[in-house]
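One structure below.
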């Protein structure tokens, strides 16, 4: 996650490649407004912080943090009472916390894609998926048939229409 924490200012990729690519892509220059590669690719000439990519990144980052916070509350309540977390976001997917982290990382990729973030995103996605499977084995041992029933009806990461409808009817 540390590689996704961007410094306030010029990302590493712009610093390293700005002088070389700055003449070909005018927005890719060594300034704070430079480095918004997606904007250059679509020809956006306005304020890069108001581009469709930046606006989408605000939604992804904000949504990711909201999912993490909402999931944490339900997970904490379940842990305090010794039960399986199956409410709130956990009623829609088994791993909302990891979904939230992935949304935040996607938001950073939409804002300022850098070489390290482009390389690390699939690595971190793989690590989270692997960690989720390890956690699932531990939870299955602890909760047995309750886990099996929950896992059968709830997707791991990507919500589907059925689980969303079921969650809405229960709320």
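Residue numbers (this note's numbering): 5 to 175.
Yeah, the Cβ is synthetic: ideal placement off N, Cα and C, and Gly gets one too.
Asked, Found
"Length of the line joining the Cα atoms of residue 75 and residue 128", "20 Å"
"9 Å Cβ cutoff met for residue 136 and residue 99", "yes"
"Three-state secondary structure (DSSP) of residue 97", "coil"
"Close Cβ partners of residue 151 (< 6 Å) along its chain, the five nearest in sequence each way excluded", "143 and 144"
"Assigned secondary structure, residue 42 (DSSP; H/G/I helix, E/B strand, else coil)", "helix"
"Counted within 10 angstroms of its Cβ, other Cβ atoms place residue 9 as buried (16 or more) or exposed", "Low confidence applies here, because residue 9 scores a pLDDT of 46, under 50, leaving its location unreliable; read the following figure in that light. Residue 9 comes out exposed."
"CB contact flag (residue 71, residue 114, <9 Å)", "no"
"CB contact flag (residue 104, residue 67, <9 Å)", "yes"
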